[in-house]
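Enquirer: In order, the protein sequence lines correspond to chains A and B. If you use the working numbering, the first sequence corresponds to residues 1 to 244, in order. If you use the working numbering, the second sequence corresponds to residues 245 to 563, in order. No residue lacks a Cβ here, since even glycine has one placed at the ideal position from N, Cα and C. Pasting in a structure now, in structure tokens, and then I'll have a few things to ask.
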Amino acid sequence: MIEVRDLVKVFDTRGQVVRAVDNVSTQVAKGEVLVVIGPSGSGKSTFLRCLNGLEAFDSGSVSIDGLQLADPKTDINAYRREVGMVFQHFNLFPHMTVLENLCLAQKVVRKRGQKESEAKALALLEKVGIAQKAREYPSRLSGGQQQRVAIARALAMDPKVMLFDEPTSALDPEMVGEVLDVMKNLAVEGMTMVCVTHEMGFAREVADRVLFFDHGKLLEDASPAEFFDAPKDPRAQAFLRQVL
Amino acid sequence: MKQKKAQWPWHVLTVLVLIGLAGALYYATSLMSYEWRWNRVPQYFAYQAEETQRAADISTVSELVRKGGSAQVTLRNEAGDEQHLTVDENSLQFAQGDDVAEGDVVGVTRHWAAGPLLWGLWTTLWLSVVSGVLGLLIGLATGLCRLSNNPTLRDLSSIYVELVRGTPLLVQIFIFYFFIGTVMNLSREFAGIAALSLFTGAYVAEIIRSGVQSIARGQNEAARSLGLSAGQSMRHVVLPQAFKRVLPPLAGQFISLVKDTSLVSVIAITELLKSGREVITTSFSPFEILFCVAGLYLLINLPLSKIASRLERRLAQSD
């Protein structure tokens, strides 16, 4: 479903050249859950942002269902509506209520009517367990609730793929569980997911495959059992010794 | 524990200070032997205009009906043609059967008319509103151009902002009226509004730009990741939040604009200040009139800042 070939992203700021994503190739099948792990600055977030074009890459190709991201003929907005994204800092729209947050893109991009989009939004809020907060502003919600709203907002567009960029890193420890539960349910329902996360438990339990990044390079691509019990790459071995 | 002290003695002190200042001012003017004539001021706001009614031909007053303060006069000339006039009763110059010569004043009608100060206030108001709206539109467009990826738009908007901010408004008004106005044959009102709105636009552009840049990048990214185009994201997500943030400086800019309209008096637009100065030449009461003019500017600006702070509070409900 997702096909990444020889992806390269170079950051060049004031003469400092950083190869944030260095020649990465991989693919994700429909319904597969991919977890991307690595130390900070390893390029895993940049890799994820390249997948929906928030970060323009320098060479290589990314395609979803055969639609090439780098092709100038591809409508980037049409591409992005098939790819949901959840951010570390939620990025809810603070001037809109929860319900309006969920309805905006449905109305503007999918051209759905008021009733249809609100029904969809309420169903999704029910699903992530915060239907009673529909009329509240995001500032009244806890971090965990905000992140669940953000997930529902992405799902409202009926995406084919969901990207998660460290969705639990900005949360209080006691709120991590509720967000991970929502993500686990999604995985069970067969959503195609790519998650950048530091939650090793989640990776071990839910992931179909684990990717390990360091210095922009994809060092290991294995099943969770293989990766956590017998990592091949020495850098991955050192990393796991630190975090487990 | 923090002790809560009463606030009212300080408010009383404030009032005392103000009274003291007013007293000192009064004493100073009394030394100057200036005769205050406030009773002359109201007529410059509104007065009873008189319209004289004249006979059209040599004729006689054939009929005269007095009714509730006004008088209906019917004049008949030698040929038998009738002329009907209605005048105020107390200004009636003739009685029944009198002979009237051509052009004689039969009487006057009176009606209330706005004086020069009210006309000046009106001119200042519509100048401010028109140049404010135009300035806001120009500023919005320019501010977005300054943030554009297109180098030409960016350069042109920067040049415009720097040119306007770097030269005095008074000079711009002169240039617009005497140079551009002459070349393109513009009316003085058009030149004045153009100068004021371009001036305001440059400042509004900078306010808008800073407001948009102050919105976290994640907001735009979240909108784009949902499939909104750059324009849709700007319109639905970034600008509403930016507007909330720039409301206080924007209100300040519009208050400045109202005051800056006084500068177009130099190209002979009779706005509030110029009407005030014209009134001074006929009333010989410069101080009273100047205080009135200042008061009228305040009358526009105080509600303006009140509305702005009210709007600010209403938009803050999502915080």
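Listing by chain order, which chain B residues have their CB less than 7 Å from the CB of Ala56 of chain A?
Expert: The contacting residues do not exist; Ala56 of chain A stays about 12 Å from chain B at best.
Enquirer: Less than 9 Å between the beta carbons of Pro231 of chain A and Asp208 of chain A, yes or no?
Expert: no
Enquirer: Can you tell which of B:Thr525, B:Gln476, B:Leu555 has the C-alpha that lies nearest to the C-alpha of Lys107 of chain A?
Expert: B:Gln476
Enquirer: Using Cβ-Cβ distances below 7 Å, what residues of the stretch 184-209 of chain A are close to chain B?
Expert: none
Enquirer: Output yes if chain B places a C-beta closer than 9 Å to the C-beta of Thr97 of chain A; else output no.
Expert: yes
Enquirer: By the 10 Å Cβ neighbour count, where 16 or more other Cβ atoms means buried, how is Lys133 of chain A classified, buried or exposed?
Expert: buried
Enquirer: With respect to the beta strand (DSSP E) encompassing Asp12 of chain A, which residues constitute its N-terminal and C-terminal limits?
Expert: 2-13
Enquirer: Could you name the residues of chain A that Leu483 of chain B contacts, counting a contact when the two beta carbons are closer than 9 Å?
Expert: Neighbours of Leu483 of chain B in chain A, taken as residues whose beta carbon is under 9 Å from its own, are absent, since the nearest beta carbon is some 10 Å off.
Enquirer: Do the stretch 443-459 of chain B and the stretch 68-77 of chain A make contact, defined as three or more Cβ pairs closer than 8 Å?
Expert: no
Enquirer: For the stretch 450-474 of chain B, list every residue whose C-beta sits within 7 Å of some C-beta in chain A, in sequence order.
Expert: Answer in chain order: Gly462, Gln463, Glu465, Ala466, Arg468, Ser469, Leu470, Gly471, Leu472, Ser473.
Enquirer: Where do the ends of the beta strand (DSSP E) carrying His328 of chain B lie?
Expert: 326-332
Enquirer: Using DSSP with H/G/I as helix, E/B as strand and the rest coil, what is Lys311 of chain B?
Expert: strand
Enquirer: Which residue marks the beginning of the alpha helix (DSSP H) containing Ile403 of chain B, and which one marks its end?
Expert: 395-410
Enquirer: Can you confirm whether Leu494 of chain B, when its beta carbon is compared against all beta carbons of chain A, has any partner nearer than 9 Å?
Expert: no
Enquirer: The beta strand (DSSP E) with Ala552 of chain B in it runs from where to where?
Expert: From DSSP, Ala552 of chain B is part of no beta strand (DSSP E) but of the alpha helix (DSSP H) over 530-559.
Enquirer: Grab the span of the beta strand (DSSP E) containing Asn23 of chain A for me, first residue to last.
Expert: 16-28
Enquirer: What is the DSSP secondary structure of Asp158 of chain A, counted as helix, strand or coil?
Expert: coil
Enquirer: Using a beta-carbon distance cut-off of less than 9 Å, what residues from the stretch 386-410 of chain B approach chain A?
Expert: none
Enquirer: With DSSP run on the structure shown, which of helix, strand or coil describes Tyr291 of chain B?
Expert: strand
Enquirer: Residues bridged to Ala358 of chain B by DSSP?
Expert: Beta bridge pairing from DSSP links Ala358 of chain B with B:Ala290.
Enquirer: Which bits of chain B does Val109 of chain A rub up against, with CB to CB less than 7 Å?
Expert: Among the residues of chain B, those whose CB is under 7 Å from the CB of Val109 of chain A are Leu470, Gly471, Leu472, following chain order.
Enquirer: Verify the CB distance criterion: does His215 of chain A have a CB-CB separation below 9 Å to chain B?
Expert: no
Enquirer: At which residues does the beta strand (DSSP E) containing Phe269 of chain A begin and terminate?
Expert: Since the first and last residues shown for chain A are 1 and 244, residue 269 of chain A lies out of range.
Enquirer: Which same chain residues, not among the five before or five after Ala315 of chain B, have their C-beta less than 6 Å away from its C-beta?
Expert: Around Ala315 of chain B: Val331, Glu333, Leu336.
Enquirer: So is Phe87 of chain A buried or exposed if we call it buried at 16+ other beta carbons inside 10 Å?
Expert: buried
Enquirer: Quick one: which unbroken alpha helix (DSSP H) runs of 4-plus residues sit fully inside the stretch 81-109 of chain A? Chain order, please.
Expert: 98-108
Enquirer: Could you give the first and the last residue of the continuous alpha helix (DSSP H) run that contains Ala474 of chain B?
Expert: DSSP places Ala474 of chain B in the uninterrupted alpha helix (DSSP H) bounded by 474-477.
Enquirer: Hey, out of B:Ala358, B:Gly379, B:Leu516, B:Asp342, whose CA is closest to Tyr291 of chain B's CA?
Expert: B:Ala358
Enquirer: Ser45 of chain A CB to nearest chain B CB: under 9 Å?
Expert: no
Enquirer: Tell me Ile64 of chain A's beta-bridge partners as DSSP assigns them.
Expert: DSSP, once it has assigned bridges, lists A:Ile2, A:Leu67 as partnering Ile64 of chain A.
Enquirer: Since Leu240 of chain A meets chain B, which of its residues come closer than 9 Å, beta carbon to beta carbon?
Expert: None at all; the shortest Cβ gap to chain B is about 31 Å.
Enquirer: Apart from the five residues on each side of it in sequence, which residues of its chain come closer than 8 Å, Cβ to Cβ, to Ala105 of chain A?
Expert: Arg81, Arg153, Ala156, Met157
Enquirer: Please tell me whether Ala150 of chain A has its Cβ less than 9 Å away from any Cβ of chain B.
Expert: yes
Enquirer: Would you say Leu384 of chain B faces chain A, with C-beta separation under 9 Å as the test?
Expert: no
Enquirer: For Ala105 of chain A, which residues in chain B fall below 8 Å Cβ to Cβ?
Expert: Ala467, Leu470, Gly471, Leu472
Enquirer: Taking only the alpha-carbon atoms, compute the straight-line gap between Pro159 of chain A and Arg49 of chain A and give it to the nearest angstrom.
Expert: 16 Å
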